[in-house]
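Colleague: Protein chains in written order, with the working numbering: chain A, 1 to 107; chain B, 1 to 120. All C-beta atoms, glycine included, are put in the ideal place defined by N, C-alpha and C.
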Amino acid sequence: DIQMTQSPSSLSASVGDRVTITCRASQDISNSLAWFQQRPGRAPKSLIYAASNLQSGVPSKFSGSGSGTDFTLTISSLQPEDFATYYCQQYKSYPLTFGGGTKVEIK
Amino acid sequence: EVQLVESGGVLVQPGGSLRLSCAASGFTFSDHYMDWVRQAPGKGLEWVARTRNKANSYTTEYAASVKGRFTISRDGSKNSLYLQMNSLKTEDTAIYYCVRVHRDCYFDYWGQGTLVTVSS
């Protein structure tokens with residue numbers, strides 16, 4: 001199985017801050033990497049696919065990069081609605097696997 | 001508008017069975033792979049199962065943790081996805097999400113989830 005490791009597991013930031021979350025795969029997954037946002041008590045929402053492509057309707061303050069084993073999600077200017085937990089996921093091979101999540105909290 | 005609405009989550013005893021349903025609308029159901037993903041209370045996301053589309057004969061894949069106990073299926077006439085869950089264990093307690101898969105194999109739409117609690 002491909003292990004997905006996210007860091008940090010949590011972070012505190014202020015409104016307007018730029019935030020970067022990293023995700024590392026245990027083997028090469030090319031660009032088969034997605035990012036999801038989950039607000040408290042809500043279902044996950046798809047943000048990014050193929051490592052760097054925004055899902056329809058997702059604001060451009062979100063961006064993704066990387067290929068192979070190392071990936072990043074960046075939020076350019078945190079807003080109150082962005083405080084949530086973020087997950088990466090590989091869809092290169094079965095079983096599909098998720099990172100452990102990064103909780104972004106208000107400082 | 002794509003909509004996925006899960007139902008069927010209840011409290012069930014260990015060893016019991018349950019069938020979850022997901023009603024899909026707003027897209028051509030037979031064209032898409034469909035998945036179940038779960039989330040135990042306070043934990044992260046875990047992929048559970050997949051059924052491929054009509055073009056791929058609706059073949060299936062499972063996580064090792066549920067293989068042999070859970071069965072994913074679909075009914076095109078009802079635009080519905082199902083998860084038959086047998087021999088339930090306490091560790092199966094989770095919110096179960098129905099997820100649509102884009103033709104390029106990434107998740108695009110999620111349902112709101114249905115809670116399954118396995119407890120005596």
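(1) Please determine, among Gln38(A), Asp1(A) and Ala25(A), the residue with the shortest C-alpha to C-alpha distance to Phe71(A).
(2) Determine the direct distance from the alpha carbon of Leu4(B) to that of Pro40(A), and round the result to whole angstroms.
(3) For Lys78(B), which of helix, strand or coil comes out of DSSP?
(4) So, are the CB atoms of Ser14(A) and Thr102(A) less than 8 angstroms apart?
(5) For a cutoff of 8 angstroms on Cβ pairs, would you count Ala63(B) as touching chain A?
(6) Excluding the 5 residues preceding and the 5 following Lys89(B) in the sequence, name in chain order all residues of the same chain whose CB lies nearer than 7 angstroms to its CB.
(7) Does the pairing of the region 28 to 35 of chain A with the region 60 to 69 of chain A give three or more beta-carbon distances under 8 angstroms?
(8) Can you name, in chain order, every residue of its own chain whose Cβ lies under 6 angstroms from the Cβ of Val99(B), other than the five neighbours on each side?
(9) Is the separation between the beta-carbon of Ser7(A) and that of Glu105(A) shorter than 8 angstroms?
(10) Is the region 82 to 92 of chain A close to the region 65 to 72 of chain B, with three or more CB pairs under 8 angstroms?
(11) Against Tyr97(B), what residues of chain A qualify as contacts under a CB-to-CB distance less than 9 angstroms, listed in chain order?
(12) Express the C-alpha separation of Arg18(A) and Gly8(B) in angstroms, rounding to a whole number.
(13) Here's a check: name, in chain order, each residue in its chain whose Cβ is nearer than 6 angstroms to the Cβ of Ala50(A), leaving out the five neighbours to either side.
(14) So, with DSSP's three-state summary, where would you put Glu1(B)?
(15) Thinking C-alpha only, which one of Ser57(B), Asn86(B) and Ala24(B) is nearest Glu1(B)?
(16) Using the three-state DSSP reduction, which class does Asp35(B) fall into: helix, strand or coil?
(17) Give, in chain order, every unbroken run of the beta strand (DSSP E) that is at least 3 residues long and sits entirely within the region 49 to 98 of chain B.
(18) So, helix, strand or coil for Asp82(A), using DSSP?
(19) Measuring straight from C-alpha to C-alpha, what distance separates Asp92(B) and Ser65(B)?
(20) Buried or exposed: which applies to Ala94(B), given that a residue is buried once 16 or more other Cβ atoms fall within 10 Å of its Cβ?
(21) Can you pull out the residues from the region 92 to 107 of chain A whose beta carbon lies closer than 8 angstroms to at least one beta carbon of chain B?
Modeller: Let me spell this out:
(1) The candidate whose alpha carbon is nearest that of Phe71(A) is Ala25(A).
(2) Pairing Pro40(A) with Leu4(B), the inter-Cα distance amounts to about 20 angstroms.
(3) Assignment of Lys78(B) by DSSP, reduced to helix, strand and coil, places it in the coil class.
(4) No, Cβ-Cβ distance for Ser14(A) and Thr102(A) is not below 8 angstroms.
(5) For Ala63(B), the answer is yes, since a Cβ of chain A falls inside 8 angstroms of its Cβ.
(6) For Lys89(B), where only same-chain residues beyond five positions count, the Cβ hits under 7 angstroms are Pro14 and Val118.
(7) Yes, the region 28 to 35 of chain A touches the region 60 to 69 of chain A.
(8) For Val99(B), where only same-chain residues beyond five positions count, the Cβ hits under 6 angstroms are Asp35, Val37, Phe107 and Trp110.
(9) No, the pair does not count as a contact, with Cβ atoms beyond the cut-off.
(10) Short answer: they don't touch.
(11) By Cβ distance, chain A contributes Ala43 and Pro44.
(12) Gly8(B) and Arg18(A) have their C-alpha atoms roughly 41 angstroms apart.
(13) Within the same chain, Ala50(A) has close Cβ partners Asn31.
(14) Coil at Glu1(B), not helix or strand.
(15) Of the listed residues, the one whose Cα sits closest to Glu1(B) is Ala24(B).
(16) Looking at Asp35(B) - three-state DSSP - the assignment turns out to be strand.
(17) If only uninterrupted beta strand (DSSP E) runs of at least 3 residues are considered, those enclosed by the region 49 to 98 of chain B are 60 to 62, 70 to 75 and 80 to 85.
(18) Here DSSP, grouped into helix, strand and coil, assigns Asp82(A) to helix.
(19) Near 9 angstroms, if we compare the C-alpha coordinates of Ser65(B) and Asp92(B).
(20) Looking at its Cβ environment, which holds 16 or more other Cβ atoms inside 10 Å, Ala94(B) is buried.
(21) Residues of the region 92 to 107 of chain A with a C-beta atom less than 8 angstroms from some C-beta of chain B are Tyr94, Pro95, Leu96, Thr97, Phe98, Gly99, Gly100 and Gly101, listed in chain order.
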